[in-house]
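Position 61 of the sequence shown, counting from 1, maps to 61 under full-length UniProt numbering, and the rest follow consecutively.
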Amino acid sequence: MRGIFQNNRYKTFGRIGRLVLRACLQKGIKVTAINDPFIDLQYMVYMFKYDSTHGRYKGDVHQEDGKLIVDGQAISVFQCMKPAEIPWGDAGALYVVESTGVFLSIDKASSHIQGGAKRVVVSAPSPDAPMFVMGVNEDKYDPSSMTIVSNASCTTNCLAPLAKVIHDNFGIEEALMTTVHAYTATQKTVDGPSAKAWRDGRGAHQNIIPASTGAAKAVGKVIPELNGKLTGMAFRVPVSDVSVVDLTCRLSRPASYANIKEAVKKAAHGPMKGILGYTEDSVVSSDFIGDTHSSIFDAGAGISLNDNFVKLISW
């Protein structure tokens, strides 16, 4: 979560955790501890060093004296099943990135505080924790009362900045969102059982799979004026990384597509610089692997039926 916490961080070490560690190292943020009860230290070194999507880590990674050493930085490693048992305080970990996908509520995420952490960022939507999307509502963060916060989902982080620009400039009467989403770890390489959602059990590399998503409704939590005006769905597709949002909306105030592009470009070069990107190039999904923007507006991919009804595309 950019811009809110800038001190020592701690995180679990799954897919998100490993990429958060890479991001922290790039930004010079000290990481003091990692917890993962399912992999040993030697395997942790291997998993961090080699990444099929983002490539091999170019720095030095090894283990020494029971710690993970990355570019000379020693990181304590724990293997506790329960968050309350992890000695955050002893490790000097002030901020926890909760990226297991399990401890999502305030009650469950607060277990990290029992171990000595001061604050927790949940890297997924939470049923009850305050939700923040950078560039949209981080100004509402209150450090005196909010010790557990949610950073929402990847789709919400893509959709919300664009929706804010459009709503602030032209008003959104109502909208539908479709995210064409890279497959995830919960999907299957070949057909298998999936009791709750049968289609989710079909082979991820073989199919375009319709799926539900709460990302559009979550926008209503970070932009209250859009609550009840926006919903959406997903298609899981056979790519390993980079997803795209299709936002189709009816505008309150008429605007040409040229007007819309100019408003987004102005925001991307101004108050949302580094969060919302803008491109007029003929891009495809793989062009954005490793891009640090939350959302990149594709000016050449959108269309307008008339001045009140538009389809906007953002990676």
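Glycine residues also receive a C-beta, built at the ideal position from the N, C-alpha and C atoms.
Check	Outcome
Host beta strand (DSSP E) of R236 (start-end)	230 to 237
DSSP bridge partner residues for V70 (one or two, in chain order)	V61, Q73
Per DSSP, the bridge partner or partners of H269	Answer by DSSP bridge pairing: none, since H269 is not bridged.
Rounded C-alpha distance that separates T178 from D65	48 Å
Alpha-carbon to alpha-carbon, L305 and residue 354	No answer is possible for residue 354: the residues shown for the chain start at 1 and end at 315.
Beta carbon of S150 nearer than 8 Å to that of A117	no
Under the three-state DSSP convention, the category R250 falls into	strand
C154 burial status per 10 Å Cβ neighbour count (16 or more: buried)	buried
Meets three-Cβ-pair contact criterion under 8 Å: the segment 202 to 210 and the segment 256 to 269	no
Segments of 3+ residues assigned as beta strand (DSSP E) that fall wholly inside the segment 123 to 202	148 to 150, 172 to 182
Cβ shell of residue 325 (< 8 Å), same chain only, five flanking positions each side left out	As shown, the chain starts at 1 and ends at 315. That puts residue 325 outside it, with no answer to give.
Cα-Cα separation, Q63 to I29	20 Å
Sheet register partners of V245 (DSSP bridge)	T179, S314
Alpha-carbon to alpha-carbon, Y43 and P224	44 Å
Validate contact between the segment 51 to 59 and the segment 83 to 97 using beta carbons, cut 8 Å, 3 pairs	no
CB of P130 within 8 Å of CB of M146, strictly	yes
Cβ contact check for the segment 229 to 240 and the segment 170 to 177: 3 or more pairs under 8 Å	yes
Separation of S144 from S282, as counted between CA atoms	46 Å
Endpoints, beta strand (DSSP E) assigned at A33	31 to 35
Euclidean distance between Cα positions of E85 and Q79	10 Å
Extent of the continuous alpha helix (DSSP H) run through I16	15 to 27
Residue span of the beta strand (DSSP E) that contains D298, given as start and end	295 to 298
Of the residues G274, N227, R236, the one placed nearest T292, counting alpha carbons only	G274
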